[in-house]
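Heads up, the sequence shown is in this note's numbering, so the first residue is 457 and it goes up one at a time.
Yeah, the Cβ is synthetic: ideal placement off N, Cα and C, and Gly gets one too.
To start, the structure under review is shown below, and the notes come after it.
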Amino acid sequence: MAPDQSSESESKTKAGDRKEKLPKAESDCEQCWGDEYDEEDVTMRRCSRCKNQFYCSDRCQKKDWKMHRYNCSPLYDDSTPATFPRDQESEDEIQRMGKILADWMKAFEAQGNAVKTRQWKGSSLPEAAPFLEVVPSPHFPHYKREIPDPRTKKYRLPLVLMARMFLNDLVGALSPEAKETLSGYINVINMPSSHAKLYGPKIMARPADLSPGEYVSFVASAPIITMQEYGTCSFSKECQERWRNLATAKLFLWDD
């Protein structure tokens, strides 16, 4: 992946004179964290795709790519759909996914302290089986981002497809003013270094074309995001419950 050494706040896209605001620049290499350079002698370079991961050298960038590839999606990409319509088909799919999550969550809560043992698996519940029926639908744009170990970790694709569907619906219902407000809130969320970083403007602009890692990070943050009162928007109890259920299911099914 070729480095992009731009430190400007805006970058021209291939589409012409259109400019995209860039995520805030970081001062640390996110691979070696300063072990391989003198801070006074290096300029951080951005990942050329997402513009939101920073490296001190090509070597560090190449070393990190084996993990970052699952957290990376283009800041702007004319070749893939950024959203899809909120219509009856998408509403039906959201309701179907929501029921799968609610049924699993009810069964999960009935387990009590059993879920605290290392041996317990979320996939051991009969209610987990319908997750595997969540597959890419021809009614919606094909999801092209690479998911880690989808053959052995069979719940990952369904969880990502759920997050994609829910986020596309959430963003699609917002006014421009509400999108700007929520974008700003997302930008101040500090994710653990093990998670993909979130960039608010991209979340608002491309809810149907994020990386698996970005969806996972949003899912982890969504229960808090949807509980806040922003003034420009608020979220229904049904929406809040859907995201809480998905966040819990992700914790117990992602590695099953």
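query, result
"Please say whether N508 and Y655 have beta carbons closer to each other than 7 angstroms?", "yes"
"Rounded to whole angstroms, what's the CA-CA distance from C503 to S639? Just pull it up for me.", "21 angstroms"
"Looking at the structure shown, is K610 part of a helix, part of a strand, or coil, going by DSSP?", "coil"
"Taking C-alpha atoms, which residue in D712, E492 and Y511 lies nearest to T608?", "D712"
"If you check the beta carbons only, do H651 and S631 fall under 7 angstroms apart?", "no"
"Distance, Cα to Cα, P668 vs D484?", "24 angstroms"
"If you measure between the beta carbons of C713 and L531, is that distance less than 7 angstroms?", "Within the shown structure, residues of the chain are numbered from 457 to 712, placing residue 713 beyond reach of any answer."
"Kindly provide the ranges of any alpha helix (DSSP H) runs that are 4 or more residues long and lie completely inside the stretch 589-636, ordered along the chain.", "612-628"
"DSSP has K562 in a bridge; who is on the other side?", "Bridge partners of K562: none, in fact."
"Mind listing, in chain order, the continuous alpha helix (DSSP H) runs of no fewer than 4 residues lying wholly within the stretch 494-528?", "514-524"
"For S479, is the classification buried or exposed, using 16 other Cβ atoms within 10 angstroms of its Cβ as the cut-off for buried?", "A quick correction: the sequence has Pro, not Ser, at residue 479. Label assigned to P479: buried."
"Between the beta-carbon of M621 and the beta-carbon of E670, is there less than 7 angstroms?", "no"
"Are the CB atoms of L666 and S529 nearer to each other than 7 angstroms?", "yes"
"Between which residues of its own chain and Y686 is the CB-CB distance below 8 angstroms, once the five residues before and five after are set aside?", "A634, T637, L638 and Y641"
"Below 7 angstroms between beta carbons: does that hold for A676 and N624?", "no"
"Going straight from the alpha carbon of C695 to that of A661, what length do you get?", "20 angstroms"
"With distances taken from CA atoms, which of V627, N569, S649 and P648 is nearest T682?", "V627"
"Since P606 contacts L613 with CB under 8 angstroms, what's their CB separation in whole angstroms?", "5 angstroms"
"Residues in its own chain within less than 6 angstroms of S649 by CB, not counting five upstream and five downstream?", "none"
"Under three-state DSSP, which class holds C695?", "helix"
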